[in-house]
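A.B. asks: Residues in the first sequence are numbered consecutively from 1, following our numbering. Virtual Cβ for every residue (Gly too), placed ideally from N, Cα, C. Fair warning: this is a prediction, and the values are worked out from it, not measured in the lab.
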Amino acid sequence: MEKLQAVRGMHDTLPGEASAWNLLEQTLQSVLQSYCYREIRFPILEKTELFSRSIGAGTDIVNKEMYTFQDRNGEFLTLRPEGTAGCVRVLLQHGLLHSGPQRIWYQGPMFRHERPQKGRLRQFHQVGAEAFGIDSADIDAEIIMLCARIWHVLGITDVRLELNSLGSYAARRKYRNLLVEYLSENREQLDEDSVKRLETNPLRILDSKNPAMRAVIGAAPSLLDSIDEESAEHFAVLRELLDANAVSYEINPRLVRGLDYYNRTVFEWITDRLGAQGTICAGGRYDDLVAQLGGRATPGVGFAMGLERILDLMQSGTAEPGSDTPRVYQVLVGDAAMKNGIKLAEQLRDKLPGLRLLMHCGGGSFKSQFKKADKSRADYALILGDEEVAKNTVQIKPLRADTGQYEISQDELADELARLVPFPVNIDMFSGSGSG
RNA sequence: GUGAGUGUAGCUCAGCUGGUAGAGCGCCGGAUUGUGGUUCCGGUGGUCGUGGGUUCAAAUCCCAUCACUCACCCCA
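#1: One question on the structure: do Tyr-261 and Ser-54 come within less than 7 Å of each other, judged by their Cβ atoms?
#2: Classify Met-110 as helix, strand or coil using the three-state DSSP reduction.
#3: If you scan the segment 369-408 from start to end, which runs of the alpha helix (DSSP H) of 4 or more residues do you find wholly inside it?
#4: Cα separation between Ser-222 and Thr-13?
#5: Going by C-alpha distance, which of Leu-79, Ile-104, Lys-118 is nearest His-11?
#6: Is Val-421 helix, strand or coil when you go by DSSP?
#7: Given a threshold of 16 other Cβ atoms within 10 Å of its Cβ, counted over all protein chains shown, does Cys-147 qualify as buried or as exposed?
#8: Below 8 Å on the Cβ atoms is my guess for Arg-214 versus Ile-205; work out the distance and round it to an integer in Å.
#9: Measuring alpha carbon to alpha carbon, tell me which of Asn-392, Pro-353, Gly-284, Ala-378 ends up nearest Leu-163.
#10: Taking all protein chains shown into account, decide if Tyr-406 is buried (16 or more other Cβ within 10 angstroms of its Cβ) or exposed.
#11: Can you pull the DSSP bridge partners for Arg-120?
#12: Is the beta carbon of Leu-255 closer than 7 Å to that of Val-237?
#13: Under a Cβ-count criterion, where at least 16 other Cβ atoms within 10 Å of its own Cβ denotes burial, should Ile-251 be classed as buried or exposed?
#14: Mind checking which residues open and close the beta strand (DSSP E) that includes Gln-277?
#15: Taking the beta carbon of Glu-82 as the centre, do at least 16 other beta carbons fall within 10 Å, making it buried, or is it exposed?
#16: Since I believe Leu-384 is in contact with Gln-330 (beta carbons under 8 Å), could you give me their beta-carbon distance rounded to a whole number of angstroms?
#17: Measuring CA to CA, which of Glu-388, Val-328, Gly-404, Arg-239 is closest to Pro-422?
#18: Hey, which unbroken runs of the beta strand (DSSP E) at 3 residues or more fall wholly within the segment 17-54?
#19: Pick out whichever of Ile-44, Ser-30, Cys-87 has its Cα sitting closest to the Cα of Val-290.
#20: Is the Cβ-Cβ distance between Leu-358 and Pro-398 less than 7 Å?
#21: Measure the C-alpha to C-alpha separation of Gly-74 and Lys-47 and round it to an integer number of angstroms.
#22: If we count Cβ pairs, one from each stretch, closer than 8 Å, do we get three or more for the segment 57-77 versus the segment 179-189?
#23: Of the residues Lys-351, Ala-381, Glu-387, Cys-361, which one's Cα is nearest the Cα of Asp-415?
#24: Is the beta carbon of Ile-150 closer than 7 Å to that of Glu-130?
#25: Please identify the residue among Ile-40, Ala-85, Val-31, Glu-39 whose C-alpha is closest to the C-alpha of Gly-294.
#26: Please go through the same chain and pick out, in chain order, the residues whose beta-carbon is closer than 6 Å to the beta-carbon of Asp-324, but skip the five residues on each side of it.
#27: Thinking just about the alpha-carbon of each residue, which of Gly-306, Ser-136, Val-127 is nearest to the one in Tyr-286?
#28: From Gln-26, Tyr-67, Ser-52, Thr-393, pick the residue whose C-alpha is nearest to that of Leu-344; which is it?
#29: What residue does the alpha helix (DSSP H) around Glu-82 start on, and which one ends it?
#30: Within the same chain, show all residues whose beta-carbon is closer than 8 Å to that of Arg-8, passing over the 5 residues directly before and after it, in chain order.
#31: Could you please give the first and the last residue of the uninterrupted beta strand (DSSP E) stretch that includes Ala-246?
#32: Can you look up Arg-327 in the DSSP assignment and give me helix, strand or coil?
#33: How big is the Cα-Cα spacing for Ile-40 and Asp-386?
#34: So is Ser-52 buried or exposed if we call it buried at 16+ other beta carbons inside 10 Å?
#35: Could you tell me which whole beta strand (DSSP E) segments of length 3 or greater appear in the segment 151-208?
#36: Can you list, in chain order, the residues of its chain with a C-beta nearer than 6 Å to that of Pro-109? Leave out the 5 residues immediately preceding and following it.
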C-alpha cells in the first residue's frame, strides 16, 4: 500500500511551528485593528465565475492555476486563489457598501495549482486588507503605511517598496495599444513567451526577467508617461504623503500586476532574502472591480501578504521560546497519586487558567517522570506520591533553580503557584460563569 | 508547464569502483531504597521514496513515477 502523504504543495504545521504562526497572526490582527479595519470571514469555495470575472480571463491564475471542479449538481466551483474577489462578493451580497466607506480585512488559505518551490505553495495563507468607497490618495497612503508598520512591528527590515501607477482603465487601454504596436514592430526581438503574451497580456511583457529582452523593453514607451492627468495627480499626492511620512520607495515603471482589476496605484513589498519568490506583500487600487461584479461603482484599494513568506523571513532571525512549553509538570507515582493528581490538576486549572500544567500520564518511576519533567522545560515539578496523598500535601521542586524542594498543603497550592509563576492576565476569558 | 539537482532509521547524514545497511542526535531502560539536567552501559528503530528492469547478486547501474530543492515561469 502506498504511504499516505499530503497533497503536493500543501504543507502541515507541526507542534513546534504553530507558535510562530500564532505570534504572526496576532501581531497582524492587532495592527489592523489599530487602523480600525474589521475582520470578515468567507468561504474557501466560490462559484468559478466570481474569479474569472474579476481576476481576468487572460491571466495565468484563471487560465492554468485554479482548482476548479463540478460539484454534485454540476455547478462549477473554485477553491479561492486570492481574497479580494470573495471579499467584494461579501460586501455586495450583504449590502455593506451602502453605509459609507468600509475598511475590511480577512485571512485564510488560498489555492493555486503552480509548481511548488520555496515560498510558493499550492495551499498558502494570506492576510489581506481592503478599503472601499474612498477614491483619494490618502487611503492609498494609509494602506501602504499600514504595511510599513507591520514590518516594523515584526522586526522585518530587509524589504523595499516598489511603486507604480497604471493610470485609469481608459489610459491603460490606450497605452496597451501603444505598447502592442511598438512590440509588434520589434517582434523578432521578443522571446516565445512574450510573443504569446502580445495577445493575451502585453503589459506583463514589461515585467520579463529575460536579459535578452532588456533592450526592447527599455526602449518601449513608458506607462507612466501615458497615464491620464487625474491619475498622475493622484499618484503625485500619494508620493507626497509617503515622502512626508518617511516611507521610502522606488518607482518601478515596469511594475504591473498579474490581476486585471488593478488601476492607478500598484505596489509590491519585496525582499532579496527569499530567492525568486521575493514579494511578501502586494496590492493596489481597483476602482472598477465592484461595478464589474454587479455593484454600484465603488473605488477600492487593498493588499494581500503571504504569511509563509513572511514567516520564512522571520525565521532567519530569532527563535521564540514558545508559548506551548509547560510551566509546571505534575509527577504522579502510584494509583492513589494518579487519582488525587488528576483532581488536583483540574482544580488548579479552574483557579489558574493561565498556568500551563502538564499532568504526567502513563505511570512510571520517579526517575523516569523526572526525566520527562526536565525535558518538558517546565520550571517546576509538582510531586505527588503515596506519602503526599496520605498527608494531603504536595512537594514543589524548582527545576531551573538551586532553591530546594519543599512540601505544602494541597489547599495552599494554588496560591503558592500564583506566587511562583508569572501569569498572563487573560484569566477572565476562561472564567465566564464560574466561581473564579 | 519547462530545465537541473536531491530522496538511506523520528532528525542530520555516512555507505568508494554492485555482494541483502552504519554513526551522531532522539526515544526507551539500567547504574540497589521516592527525584531530572552531566557521565557510563544496554535497547528500540530502515522491505535504502515507490514501481519496474539489468545481474548469480543492487541502497549502489538503467527506466518510470512520486515528493522535495533551485532556476525559468508565475505571484503572496
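C.D. replies: On the basis of the supplied data:
#1: To locate residue 261, count along the first sequence from 1; it is residue 261. To locate residue 54, count along the first sequence from 1; it is residue 54. With a cutoff of 7 Å on beta-carbon distance, Tyr-261 and Ser-54 are scored as near each other.
#2: Against the first sequence, residue 110 aligns to sequence position 110. Note: Met-110 maps to strand in three-state DSSP.
#3: 386-391
#4: On the first sequence, position 222 is the one that residue 222 refers to. On the first sequence, position 13 is the one that residue 13 refers to. For Ser-222 and Thr-13, the distance between alpha carbons rounds to 45 Å.
#5: Residue 11 sits at position 11 when you count from the first residue of the first sequence. Out of Leu-79, Ile-104, Lys-118, Lys-118 has the C-alpha closest to the C-alpha of His-11.
#6: The count along the first sequence starts at 1 and reaches residue 421 at position 421. Correct three-state label for Val-421: coil.
#7: By one-based count along the first sequence, residue 147 stands at place 147. With 16 or more Cβ atoms within 10 Å of its Cβ, Cys-147 is classed as buried.
#8: Indexing the first sequence from 1 puts residue 214 at position 214. Indexing the first sequence from 1 puts residue 205 at position 205. That pair is no contact at about 12 Å.
#9: For the purposes of this step, residue 163 is identified with residue 163 of the first sequence, where counting begins at 1. Here the closest residue by C-alpha is Gly-284.
#10: Position 406 of the first sequence, counted from the first residue, corresponds to residue 406. Burial call: exposed.
#11: Within the first sequence, the letter at position 120 stands for residue 120. Looking at the DSSP assignment, Arg-120 forms a beta bridge with Gln-117.
#12: Here residue 237 refers to the residue found at position 237 of the first sequence. Here residue 255 refers to the residue found at position 255 of the first sequence. In this structure, Leu-255 does not lie closer than 7 Å to Val-237 by Cβ.
#13: What you label residue 251 is simply residue 251 of the first sequence in a count that begins at 1. With fewer than 16 Cβ atoms within 10 Å of its Cβ, Ile-251 is classed as exposed.
#14: Within the first sequence, numbered from 1, the residue matching residue 277 stands at position 277. First-last for Gln-277: undefined, no H or E at that position.
#15: The residue labelled residue 82 in the question sits at position 82 within the first sequence. Per the 10 Å Cβ criterion, buried.
#16: For the purposes of this step, residue 330 is taken as the residue at position 330 of the first sequence. For the purposes of this step, residue 384 is taken as the residue at position 384 of the first sequence. Right, their Cβ atoms sit about 7 Å apart.
#17: Here residue 422 corresponds to residue number 422 of the first sequence, with the count starting at 1. Out of Glu-388, Val-328, Gly-404, Arg-239, Val-328 has the C-alpha closest to the C-alpha of Pro-422.
#18: 45-47
#19: For the purposes of this step, residue 290 is identified with residue 290 of the first sequence, where counting begins at 1. Of the candidates Ile-44, Ser-30, Cys-87, the one whose C-alpha sits nearest the C-alpha of Val-290 is Cys-87.
#20: As a first step, residue 358 must be located in the first sequence, where it is residue number 358. As a first step, residue 398 must be located in the first sequence, where it is residue number 398. No.
#21: Numbered from its first residue, the first sequence carries residue 74 at position 74. Numbered from its first residue, the first sequence carries residue 47 at position 47. If you take the alpha carbons of Gly-74 and Lys-47, they lie about 11 Å apart.
#22: no
#23: One-based indexing of the first sequence puts residue 415 at position 415. Ranking Lys-351, Ala-381, Glu-387, Cys-361 by Cα distance to Asp-415 puts Lys-351 first.
#24: Stepping through the first sequence from its first residue, residue 130 is reached at position 130. Stepping through the first sequence from its first residue, residue 150 is reached at position 150. Result no, Cβ atoms of Glu-130 and Ile-150 do not sit closer than 7 Å.
#25: On the first sequence, residue 294 is found 294 positions in, with the first residue counted as 1. The shortest C-alpha to C-alpha distance from Gly-294 to any of Ile-40, Ala-85, Val-31, Glu-39 is the one to Ala-85.
#26: Taking the first sequence and counting its residues from 1, the one referred to as residue 324 is at position 324. Excluding sequence neighbours, Asp-324 sits near Ser-19.
#27: As a working mapping, residue 286 is identified with position 286 in the first sequence. Considering only alpha carbons, the answer is Ser-136.
#28: As a working note, residue 344 is residue 344 in the first sequence. Measuring from the Cα of Leu-344, the nearest candidate turns out to be Thr-393.
#29: To locate residue 82, count along the first sequence from 1; it is residue 82. No alpha helix (DSSP H) contains Glu-82, which DSSP labels as neither H nor E.
#30: Position 8 of the first sequence holds residue 8. Around Arg-8: Pro-116, Arg-122.
#31: In the first sequence, the residue the question calls residue 246 occupies position 246. Careful: Ala-246 lies outside any beta strand (DSSP E) and carries neither H nor E.
#32: For this step, residue 327 is matched to residue 327 along the first sequence. Reduced to three states, the DSSP call for Arg-327 is coil.
#33: As a first step, residue 40 is located in the first sequence; it is residue number 40 there, counting from the start. As a first step, residue 386 is located in the first sequence; it is residue number 386 there, counting from the start. Looking at the two C-alpha atoms, the distance is approximately 54 Å.
#34: Position 52 of the first sequence holds residue 52. Buried, because 16 or more other Cβ atoms sit within 10 Å of the Cβ of Ser-52.
#35: 159-165
#36: One-based indexing of the first sequence puts residue 109 at position 109. For Pro-109, where only same-chain residues beyond five positions count, the Cβ hits under 6 Å are Gln-123, His-125.
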